[in-house]
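333 is the number of the first residue of the sequence shown in the numbering used here; add one for each residue after it.
Don't be surprised by glycine CBs; every beta carbon is placed ideally from N, CA and C.
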Amino acid sequence: MHGKGGSPAKFVAGLAAQLERQGLLVANIEMPWSGRRDYDVDVAAADGEVEAALEGLRGKGAQRLFVAGHSQGGLFALHFGGGKSLDGVIAIAPGGNPAGPAFREKLGPFLNQAQALVAEGKGDEKVRLADYEGSRGVYPVVVAPKIYLSWFEPEGALHELAAVRHMNPATPVLFITPTRDYAALLNVKQQMFDALPKNPLTKLYEPDSSHIEAPSASVEAIVAWIGAVIAAPKGTQ
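So this is what it looks like as structure tokens:
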């Protein structure tokens, strides 16, 4: 899954192509936080989109299922892994935590506006609200307030520590933090990794790359880790 404001054709495209060349079945899907979609569905519907993609892979013969994401896609992968039975989750430079101080400061007025509109019975009418990304700042999104709140409530589905703590303990995680990631993400790297449920196959990987380069810089490590998980004796996880 791509990052905030991105698409399957941008920073995750190289990773998807490389995995396919390794013989893996890949579903590189456009998520609701893409630049084109502007949060057109809520978190529950996004869960359903990933489930549908996994079903599609099963239909093509996939026997082991992994979910991977970059940036906000990485955080969503951790969220998704909390309630599902998967063979593994790959979180690449996960970010987009609405409970973070910068999000609360930048998006607080828009959250208040969305809550007020829902209280007035206007939660399904699209309005101009805002999103925030560290390297881009605040920018507009046109979205229904109910849907907006499902993504941006500070204590909601994308609260980063809640997402990692609620991971299925049976599901190993490859947690990827590039050495030149954004400072805010580097600051919470160890706290997030340490909060994951203990699993002998869970691993922290730190490629020498930037946030944007992290997916392509991690191909070999991802392929090796998937192979190790598949080769592990039953019950190891």
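How many Å lie between residue i and residue j at the Cα?
| i | j | result |
| --- | --- | --- |
| arginine 276 | lysine 454 | Only positions 333 to 569 of the chain appear in the structure, and residue 276 is not among them; the question remains open. |
| alanine 553 | tyrosine 537 | 8 Å |
| alanine 359 | serine 550 | 18 Å |
| valine 473 | lysine 566 | 45 Å |
| glutamate 457 | alanine 495 | 29 Å |
| alanine 376 | leucine 386 | 16 Å |
| isoleucine 544 | tyrosine 514 | 10 Å |
| glutamate 492 | leucine 481 | 16 Å |
| valine 382 | glutamate 452 | 32 Å |
| aspartate 372 | valine 399 | 22 Å |
| glutamate 362 | arginine 468 | 20 Å |
| lysine 530 | proline 501 | 7 Å |
| lysine 535 | valine 520 | 16 Å |
Which residue from the options puts its Cα closest to that of residue i?
| i | options | result |
| --- | --- | --- |
| valine 344 | Leu351, Arg353 and His334 | His334 |
| leucine 356 | Val561, Val555 and Ala563 | Val555 |
| threonine 511 | Glu452, Gly413, Leu528 and Ala546 | Ala546 |
| glutamine 350 | Gly380, Ser548, Lys416 and Val382 | Ser548 |
| leucine 518 | Thr534, Val450 and Asp540 | Asp540 |
| asparagine 444 | Leu418, Gly413, Leu533 and Pro486 | Pro486 |
Please say whether residue j and residue i have beta carbons closer to each other than 8 Å?
| i | j | result |
| --- | --- | --- |
| alanine 431 | glycine 466 | no |
| serine 339 | serine 366 | yes |
| methionine 499 | leucine 410 | yes |
| alanine 425 | glycine 406 | yes |
| glycine 428 | leucine 490 | yes |
Examine chain C for any beta-carbon lying closer than 8 Å to the beta-carbon of residue i, and answer yes or no.
| i | result |
| --- | --- |
| tyrosine 514 | Here chain C cannot be found, since the structure has a single protein chain. |
What are the uninterrupted segments assigned as alpha helix (DSSP H) that are 4 or more residues long and contained completely in the segment 529 to 558, given in chain order?
546 to 549
For the segment 344 to 353 and the segment 434 to 454, state whether three or more C-beta atom pairs, one from each stretch, are separated by less than 8 Å.
no
So, do the segment 474 to 484 and the segment 503 to 518 have three or more beta carbon pairs nearer to each other than 8 Å?
no
What are the uninterrupted segments assigned as alpha helix (DSSP H) that are 4 or more residues long and contained completely in the segment 341 to 410, given in chain order?
345 to 353 and 375 to 391
Considering only residues of the segment 448 to 491, which uninterrupted alpha helix (DSSP H) runs meet the minimum length of 4 residues and lie entirely inside it, listed in chain order?
477 to 484
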